[in-house]
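Some notes on the structure that comes next.
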Amino acid sequence: MKTFKVAVLISGNGSNLQALIDNFKEEESIVDINCVISNKKDAFGLERAARAAIDNHFVDHTKFKNRETFDQELIQILDGYSPDLIVLAGFMRILSEVFVEKYLGKLINIHPSLLPKYPGLETHKKVIENKETRHGVTIHYVDKTLDGGPICAQSEIEVTTKDIDDLQEQIHKIEHKIYPEVVQQIAEGNIVFKDGKVIKK
Ligand code: GAR
Numbered sequence: 000m001k002t003f004k005v006a007v008l009i010s011g012n013g014s015n016l017q018a019l020i021d022n023f024k025e026e027e028s029i030v031d032i033n034c035v036i037s038n039k040k041d042a043f044g045l046e047r048a049a050r051a052a053i054d055n056h057f058v059d060h061t062k063f064k065n066r067e068t069f070d071q072e073l074i075q076i077l078d079g080y081s082p083d084l085i086v087l088a089g090f091m092r093i094l095s096e097v098f099v100e101k102y103l104g105k106l107i108n109i110h111p112s113l114l115p116k117y118p119g120l121e122t123h124k125k126v127i128e129n130k131e132t133r134h135g136v137t138i139h140y141v142d143k144t145l146d147g148g149p150i151c152a153q154s155e156i157e158v159t160t161k162d163i164d165d166l167q168e169q170i171h172k173i174e175h176k177i178y179p180e181v182v183q184q185i186a187e188g189n190i191v192f193k194d195g196k197v198i199k200k
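Numbering follows numbering that gives the first Met the number 0, in which position 28 of the sequence shown is assigned residue number 27; successive positions increment by one, without gaps.
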């Protein structure tokens, strides 16, 4: 039965959103993705949500006078869906402290690097430039530190290419596997956020 409500925030293609939709589409799954929000109008993820009959919203961050007022609008929409978990899936906006504090322990992000290595942007490019032999993805709870909250899970690969697009594709593949797995574990109560730390049962 669908008892665990999930909202997904996106800014772009939404391939991770698609992986979540596909993974949790069965009626028997406990995860109910009931809301998708994008800050970009042309984000293909909005189309993916619509095709899956999931409520989807576009909130244009450029129309707000600052980060806080944009985040207040997000909060207002999100609270209408009573999410148990908010999943950032390629959401390319820094969230304000008010937002992060409100949803502390209910907000996770996927980042395309083996944090604490390579926070920020252009991770694949930096990994190739620095001739790293390992690369990967991190799923973490979001706290006030940028790309620095407590880690739920990581997945890694050996770097065997010098091509950024190639590497990105390989990273996407592991993202699409690990993100639904982590959401499932959180929904089942096997990954818990407590006192600023991740506890695995
Ligand atoms: C993903 O690779 C995700 O890890 C990354 O954006 C991509 C979104 O792809 N997120 C970040 O860089 C966050 N700092 P998608 O829209 O196809 O899911």
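Every residue gets a Cβ at the ideal spot worked out from N, C-alpha and C, and that includes glycine.
query	result
Opening and closing residue of the beta strand (DSSP E) in which alanine 152 lies	150-157
Residue environment, serine 95, which counts as buried when at least 16 other CB atoms sit within 10 Å	buried
Neighbour-count burial assignment, isoleucine 93, 16 or more Cβ in a 10 Å radius	exposed
Nearest-angstrom Cβ-Cβ length linking glycine 44 and leucine 16, presumed shorter than 8 angstroms	5 angstroms
Local conformation of threonine 137 per DSSP, three classes	strand
Member of Glu46, Ile20, Lys4, Met0 whose CA lies at the smallest distance from the CA of glutamate 26	Met0
For aspartate 194 and aspartate 41, the rounded distance between their alpha carbons	38 angstroms
Sequence-distant residues of its chain with Cβ nearer than 8 angstroms to aspartate 70 (five each side left out)	Leu94, Ser95, Val97, Phe98
First through last residue of the beta strand (DSSP E) which encompasses aspartate 31	30-37
For threonine 68 and isoleucine 215, the rounded distance between their alpha carbons	Coverage of the chain is limited to positions 0 through 200, which leaves residue 215 absent and any answer about it impossible.
Glycine 188 burial status per 10 Å Cβ neighbour count (16 or more: buried)	exposed
Other residues of its chain near lysine 125: CB distance less than 7 angstroms, five sequence neighbours each side excluded	Tyr117
The beta strand (DSSP E) enclosing leucine 84, as first and last residue numbers	84-87
Length at least 4, wholly inside the stretch 67-106: the alpha helix (DSSP H) runs in chain order	96-101
Where alanine 18 sits in the DSSP three-state scheme	helix
Beta-carbon contacts of aspartate 54 that lie in its chain and below 6 angstroms, excluding the five residues immediately before and after	Cys34
Delimiting residues of the beta strand (DSSP E) encompassing alanine 6	3-9
Straight-line Cα distance separating histidine 175 from alanine 18	5 angstroms
Aspartate 146 Cβ short of 7 angstroms to the ligand GAR heavy atom set	yes
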